[in-house]
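Colleague: Residue numbers (the working numbering): -14 to 203.
Don't be surprised by glycine CBs; every beta carbon is placed ideally from N, CA and C.
Please read all numbers here as calculations on a predicted model, not as lab measurements.
Got a structure for you, written out below as structure tokens; questions coming shortly.
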Amino acid sequence: MKVLVTGSSQGIGRAIAERFLSQGHTVYGIDRQEGGIVSERYTHFQCDVRDREGLPELSGIEILINNAGTQNEDDIDINLKALIYITEKYGVQPAIRSILNIGSASAHTGAEFPEYCASKGGVLAYTKNVALRVARFGATCNSLDPGGVFTPLNECVTSDPELFAEIMNETPLRRWASSEEIADWAYFLTVTNKFCTGQSILVDGGESINFHFVWKED
Ligand SMILES: NC(=O)c1ccc[n+]([C@@H]2O[C@H](COP(=O)([O-])OP(=O)(O)OC[C@H]3O[C@@H](n4cnc5c(N)ncnc54)[C@H](O)[C@@H]3O)[C@@H](O)[C@H]2O)c1
């Protein structure tokens, strides 16, 4: 299938692009950094997702993975508004089979930076809107909402043993995911899955169900 992945140069997006390539798909990547993937079935477009004029003309995309994202840097414009533009441009058309938006557990908890969690909350609602509109093509649209994942995005806390131990105390499964683990979910939700749509799938080690029950001892 023809797959478009944004933010494909590193982290989760790169793992997703490599997962699809390993299964024989044709992959297009859009990232503001240079592409590092070497494959005859991979085409890289170095472009900022906010740059509407710079986006490539691609037709017949069958799977769209909206992954490019940042924290504390124009988050609404990058994580939400560019994602909407890209989805309308490449995703809402008859060849589409599946759209997956990489959201975040913070859309559900309100945790992290204010504009970041608001941008991901917007992705949650927009996912449902798109799911209804692409259903007529027999396509699905979901969001995959990770908790902590080891990527360059959050190196500042994963490389600090004290801070990371504190984070582990807030994570019931006491670990973070790898990018490859998230890529497996992305593949399942876009290729295997054909009936779950308009949903947000939380893959967060229990981060979003963490709470402290306060009650009087007998
Ligand atoms: N790592 C985590 O713990 C975590 C948790 C929840 C959600 N997410 C989400 O997963 C997605 C990927 O995050 P990651 O951890 O792999 O981050 P990352 O920083 O490692 O990779 C993001 C990629 O997107 C690209 N990118 C960023 N802004 C761009 C722009 N304006 N135009 C084009 N390319 C751009 C970057 O160049 C980079 O290659 C993001 O949407 C992020 O919010 C990550």
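Apart from the five residues on each side of it in sequence, which residues of its chain come closer than 8 Å, Cβ to Cβ, to W170?
Modeller: So the qualifying residues of the chain are L129, I186, V188.
Colleague: So V34 packs on I61, CB below 8 Å; how close in whole Å?
Modeller: Actually they are not in contact, since the Cβ atoms of V34 and I61 sit about 13 Å apart, beyond 8 Å.
Colleague: When DSSP labels each residue in this structure, what does T72 get in the three-state scheme?
Modeller: In this structure, T72 counts as helix in the three-state DSSP scheme.
Colleague: Can we count L138 as close to ligand 1, meaning its CB is less than 8 Å from some heavy atom?
Modeller: L138: yes, Cβ under 8 Å from ligand 1.
Colleague: Going by alpha carbons, who is nearest to Q184 out of E3, L85, I194?
Modeller: It is L85 whose Cα lies nearest to the Cα of Q184.
Colleague: Between C211 and I194, what straight-line distance do the alpha-carbon atoms span, to the nearest angstrom?
Modeller: Because the chain here runs from -14 to 203, residue 211 falls outside it and cannot be looked at.
Colleague: Between C102 and the rest of its own chain, which residues show a CB-CB distance below 7 Å, the 5 nearest in sequence each way excluded?
Modeller: Same-chain partners within the cutoff: S91, A92, G95, A96.
Colleague: When you measure from the CB of W170 to every non-hydrogen atom of ligand 1, does any distance come out below 8 Å?
Modeller: The answer is no for W170.
Colleague: Roughly how far, in whole angstroms, is the beta-carbon of L65 from the beta-carbon of V108, given that I think they are within contact range, below 8 Å?
Modeller: Right, their Cβ atoms sit about 6 Å apart.
Colleague: In chain order, what residues of the same chain lie with their CB nearer than 8 Å to the CB of A205, ignoring the 5 residues before and after it?
Modeller: What is shown of the chain runs -14 to 203, which leaves residue 205 out entirely.
Colleague: Using beta-carbon positions only, say whether V199 and M(-14) come within less than 9 Å of one another.
Modeller: The answer is no: Cβ separation not under 9 Å.
Colleague: By DSSP's criteria, P131 is part of a beta bridge. Which residues make up the other side?
Modeller: Bridge partners of P131: V188.
Colleague: Counting only the same chain and skipping the five closest in sequence on each side, list residues whose C-beta sits under 8 Å from that of F149.
Modeller: Closer than 8 Å at the Cβ level, and outside the excluded window around F149, lie V142, T143.
Colleague: For the beta strand (DSSP E) containing K(-13), name the first residue and the last one.
Modeller: Element bounds for K(-13): -13 to -9.
Colleague: Tell me which residues share the same chain as E165 and place their Cβ nearer than 7 Å to its Cβ, disregarding the 5 neighbours each side in the sequence.
Modeller: Cβ neighbours of E165 beyond the five flanking positions: A0.
Colleague: So what's F149 in DSSP terms, helix, strand or just coil?
Modeller: Here F149 sits in helix by DSSP.
Colleague: Can we count W161 as close to ligand 1, meaning its CB is less than 8 Å from some heavy atom?
Modeller: Yes, since a heavy atom of ligand 1 falls inside the 8 Å radius drawn around the Cβ of W161.
Colleague: Would you say the beta carbon of T72 is closer than 8 Å to some non-hydrogen atom of ligand 1?
Modeller: For ligand 1, not one heavy atom lies less than 8 Å from the Cβ of T72.
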